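2 protein chains.
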Amino acid sequence: MSNSGKSVVGQLRRLISEGELLPGQRLGEVAIAEQLGVSRTPVRLAFRTLEQEGLLQRAGKRGFQVREFSDADVHCAVEVRGVLEGLAARRLAEQGLSPELHARLAHWIQKGRELLAKGFLVEDDVADWGELNLGFHGTIVDSAGSDVVGDAIARNNHLPFAAADSIILDKACLDREYRKLQLAQMQHELILQALRDGEGARAEMLMREHALIGLRYAEVLEGGGR
Amino acid sequence: MSNSGKSVVGQLRRLISEGELLPGQRLGEVAIAEQLGVSRTPVRLAFRTLEQEGLLQRAGKRGFQVREFSDADVHCAVEVRGVLEGLAARRLAEQGLSPELHARLAHWIQKGRELLAKGFLVEDDVADWGELNLGFHGTIVDSAGSDVVGDAIARNNHLPFAAADSIILDKACLDREYRKLQLAQMQHELILQALRDGEGARAEMLMREHALIGLRYAEVLEGGGR
DNA sequence: TATCCTTTAGTTGGATCCATTTTCGCTGAG
DNA sequence: CTCAGCGAAAATGGATCCAACTAAAGGATA
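These protein sequence lines are chains A and B, in that order. Residue 195 in the numbering used here sits at position 192 of the first sequence, and the numbers go up by one each step. Residue 141 in the numbering used here sits at position 138 of the second sequence, and the numbers go up by one each step.
Right, dumping it as structure tokens:
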């Protein structure tokens, strides 16, 4: 079977985010089980996990259905990530940035500078930006002093449109994406500045605004990008 | 069986929050299954749910263990609730408070006034306050325009010390609790004022500060009350 | 003809069974 | 005496079986 490698949860997540399973669609355990070539047991386990993640919701008294997200939901999910990452940034600024942490963040910022230095984007840059963006954000969140914040962000990121690396919406329009990443890079640098100088409130607000980058563009692009 | 009524998830949650299952303790499926008098299947489902809720974490490659929470975790969890409820309050203020919503919130505030009017607390008041507090907070969160915020808060509230109704720590010391609830009531009234007048930033900040009530007391009380 | 009741089919929750993996303990050798 | 290797037992993941419940469909009666 081709599914041995990937978990049922991951497969279902992919099927949902790729639109194979439509929002509102009712999911039967047996149907999914035979579609994935496994027994009902792992499917039942996966349904519970995905329910907690927010991708599925109970359909009445019987079974689950793919949750559908409105524009307001997307907006809220991005704002939720913003306030949570803002909280992490503020805590980090308040507790002081160690030299090691500063170096780690500066490393990712340097990566961003190099990526944008040539003045335009190529397709491969998208993955590289995703990596450094994940590194920058992850470093801040993991340093907030408790896993609780990171867990809350991770749970929120299970909503496919809410994750930080969903900034890149449109590989076709690399010109616009370049300007977007320029702005994001600038915000990263300002955030590090605020963190270094212990400016908690500024770091928090910068991080919250930073989260909205993808959203504002998504709104302009007529609700694109899921 | 005495467990037919309550779900396995609920029973495990109770066992954990009551200290029957100690933090760091390894949980075997069979052990829990026969302790609860059920088969392994519902236990396996419950473990996945509780893992997502953050009460359990994977113990190496095999099985789960009760997650242990540091003081920093407690602090962070309360702050997370604060920023999320603050987000809900700000959104509500920005979108404007309908007359119906204002009436609902004023109703809970009136309940609070009546409860505190007599100048002291009796034991039964604790449950009443929990109900009105839940009503007030729930009304705001449910009106934020998207279930995403409420879901994030609900997930965070699965951490037993993070829920809004965990303000009441000490039934023995009703005098101190009375002063605490007086403060909380005042904050509720200020929050409604800010919501009514469309003061988004003020509503958010008041809500964030409001979340810290239990925490500040808990710190003074030497980490008591879970 | 419409509504209510009954029956039936399908779906979900719980229990048990089988296979795989991991860990612990025992034994033997250096 | 210690460490490594092997074996056994236990625990977990997956599959299947059984029971209970829900929902839908069909028939009967007003």
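Ideal Cβ positions, reconstructed from N, Cα and C, are used throughout, including at glycine. Bear in mind the structure is a predicted one, so any value in this text is a computation, not a measurement.
### Query
Is the shortest distance between the beta-carbon of residue 229(B) and the beta-carbons of chain A less than 8 Å?
Below a pLDDT of 50, predicted positions are generally treated as unreliable, and residue 229(B), at 37, falls in that range; no measurement from the model is reported.
### CB contact below 8 Å: residue 212(A) versus chain B
No, residue 212(A) lies away from the interface with chain B (no Cβ there is under 8 Å from its Cβ).
### Query
When the distance is taken between beta carbons, is residue 104(B) closer than 8 Å to residue 146(B)?
In contact: residue 146(B) and residue 104(B) (Cβ atoms closer than 8 Å).
#### Entry: Contacts around residue 42(A), its chain only, beta-carbon distance under 7 Å, and the 5 residues preceding and following it disregarded
The beta carbon of residue 42(A) is closer than 7 Å to those of 36 in its chain, skipping five residues each way along the sequence.
### Query
Which chain B residues sit within Cβ distance under 9 Å of residue 52(A)?
Ordered by position in chain B, the residues that pass the 9 Å Cβ test against residue 52(A) are 51, 52, 54, 55.
### Query
What are the boundary residues of the alpha helix (DSSP H) that residue 68(A) is part of?
In the DSSP assignment, residue 68(A) falls outside any alpha helix (DSSP H) and within the unbroken beta strand (DSSP E) covering 67–69.
### Task
Closer than 8 Å, Cβ to Cβ, to anything on chain A: give me those residues from the stretch 139–163 of chain B, in chain order.
Within the stretch 139–163 of chain B, the residues whose Cβ lies closer than 8 Å to some Cβ of chain A are 147, 148, 149, 150, 151, 152, 154, 155, 158, 159, 162, listed in chain order.
### Message
Beta carbons nearer than 9 Å to chain A: which residues of the stretch 175–201 of chain B have them?
### Response
So nothing in the stretch comes that close.
### Query
Which residues, taken in chain order from the stretch 74–87 of chain A, show a beta carbon closer than 8 Å to some beta carbon of chain B?
Taken in chain order, the members of the stretch 74–87 of chain A whose beta-carbon sits within less than 8 Å of a beta-carbon on chain B are 75, 76, 78, 79, 80, 82, 83, 86, 87.
#### Entry: Cβ-based contacts, 7 Å cut-off: residues of the stretch 29–50 of chain A near chain B
Correct list: 47, 48.
### Message
Between residue 90(B) and chain A, is the shortest Cβ-Cβ distance under 8 Å, so that the two count as touching?
### Response
Answer yes: the Cβ-Cβ gap between residue 90(B) and chain A drops below 8 Å somewhere.
### Query
Which word fits residue 221(B), buried or exposed, when buried means at least 16 other C-beta atoms lie within 10 angstroms of its C-beta?
Note that residue 221(B) scores a pLDDT of 49, beneath 50, so its modelled location is shaky; the value from the coordinates is reported in the next line. Answer is buried; the Cβ neighbour count reaches 16.
### Message
Comparing C-alpha positions only, which one of 119(B), 125(B), 101(B) sits nearest to residue 201(B)?
### Response
Nearest C-alpha to residue 201(B) among 119(B), 125(B), 101(B): 101(B).
### Query
Among the residues of its own chain, which have a CB less than 6 Å from the CB of residue 18(A), if the five just before and after it don't count?
Around residue 18(A), the same chain offers 24 as residues with beta carbons nearer than 6 Å, after the five sequence neighbours per side are excluded.
#### Entry: In chain order, each alpha helix (DSSP H) run of at least 4 residues that lies wholly inside the stretch 126–155 of chain B
Runs of the alpha helix (DSSP H) inside the stretch 126–155 of chain B: 126–145.
### Beta bridge counterpart(s) of residue 60(A) as assigned by DSSP
In the DSSP output, where bridge partners are listed per residue, residue 60(A) has 68(A).
### Task
Name the two residues that bound the continuous alpha helix (DSSP H) containing residue 20(A).
11–20 is the span of the alpha helix (DSSP H), which, as asked, contains residue 20(A).
#### Entry: Closest residue to residue 193(A) among 58(A), 83(A), 211(A) (Cα-Cα distance)
Ranked by Cα distance from residue 193(A), the first of 58(A), 83(A), 211(A) is 211(A).
### Query
When burial is assigned at 16 or more other CB atoms within 10 Å of the CB, is residue 230(A) buried or exposed?
This structure gives no information on residue 230(A), because the portion of chain A shown stretches from 4 to 229.
### Task
Note the first and the last residue of the continuous alpha helix (DSSP H) segment covering residue 115(B).
In the DSSP assignment, residue 115(B) falls within the alpha helix (DSSP H) that extends over 102–120.
### Task
Compute the Euclidean distance between the alpha carbons of residue 26(B) and residue 154(B), then round it to the nearest angstrom.
Cα-Cα distance, rounded: 25 Å.
### Query
Would you say residue 96(A) and residue 215(A) are within 8 Å of each other, going by their C-beta atoms?
With a cutoff of 8 Å on beta-carbon distance, residue 96(A) and residue 215(A) are scored as not near each other.
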